[in-house]
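Each step along the sequence shown adds one to the number in numbering that gives the first Met the number 0, with nothing skipped, and position 53 is 52. We put the CB at the ideal spot given by N, CA and C, even for glycine. For clarity, every value in this text was computed on a predicted model and none was experimentally measured. Written out below as structure tokens is the structure these notes cover.
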Amino acid sequence: MQVLIVYYSRTGHTAGLADALAAEARRRGHAVTVERIRAQREWNKWLLPVPLLPLLPLLPVYLLSARFRRFWHRIYHQPEQAIRPLAVPDVSNFDLVLLGTPKWLYLAYPVARWLNTIAGLDSKRVASFATFCGPPLEVFELGMLFEPLEAHLRACGTIVAGRLAISSGYHPYFFFGEMQRLFRWIALKAFGRPLADFTLDGEIGRAEFQRFCDEVLA
Ligand SMILES: Cc1cc2nc3c(=O)[nH]c(=O)nc-3n(C[C@H](O)[C@H](O)[C@H](O)COP(=O)(O)O)c2cc1C
């Protein structure tokens, strides 16, 4: 297969996952092209969360009510960020596209712009992969990221081929690793496992990686 791996990464974790996927795809005999999406200009770290603030007061309702989540996914605003010209502006020649993003509550802004720029998605098999700090919480991490993304992909006519979520265990906020500590605690409470188990070096993370590769690269 001709496989395109296209991703954005601000601090290197999604890039690491993309590298591992590229190596595995090549090992399985596929021809792999890799494109790293680059922002025209990286925003200051403290400005990035500003467009995400409208959800925060509503987060408890979002987490508790599936009806509210469906409503929110219809009306919320996915921020975008200008990106540099692409080496592959049209994906028509590929059999499979693996699209990678860090979770910035939803999609990373440069990836949202890529989706609205790219040509040739119609009838294409697209699988997405993501890194985020936390463990794979069904609603807060997986649902909030992949559901709107996959709905958008389907609306573009793609065949959604799979999803991979790997914890990076890294969070840039706030000053002393407060968010990382919070997610480590949540992993223990929600899964009874250390957060490290869900990273690419951890038992669950490695198994997820294999499952995804078996599913989409078979
Ligand atoms: C604006 C912003 C929002 C984020 N939101 C989340 C989040 O909702 N859940 C989470 O677990 N991590 C969140 N993170 C952490 C990143 O998803 C995590 O550090 C990711 O692995 C970074 O990938 P990268 O190194 O490829 O840029 C957020 C980071 C930023 C900058």
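- For ligand 1, a non-hydrogen atom lies closer than 7 angstroms to the CB of Thr130.
- Counting only residues of its own chain and dropping the five nearest sequence neighbours on each side, Tyr61 has a CB closer than 7 angstroms to the CB of Leu54, Phe67, Arg68 and Trp71.
- Not a single heavy atom of ligand 1 lies less than 7 angstroms from the C-beta of Tyr61.
- For Pro101, the enclosing beta strand (DSSP E) has its first and last residue at Leu95 to Trp103.
- Taking a cut-off of 8 angstroms on C-beta distances, the region 151-162 touches the region 113-130, as three or more cross pairs fall below it.
- Not one heavy atom of ligand 1 lies closer than 7 angstroms to the C-beta of Trp184.
- At a cut-off of 7 angstroms, the beta-carbon of Glu140 counts as near ligand 1: some heavy atom of the ligand is closer than that.
- Selection Ala111, Arg27 and Leu97 evaluated against Trp103 yields Ala111 as nearest (Cα-Cα).
- In terms of CA proximity to Tyr172, Leu46 leads the group Tyr7, Leu46 and Arg192.
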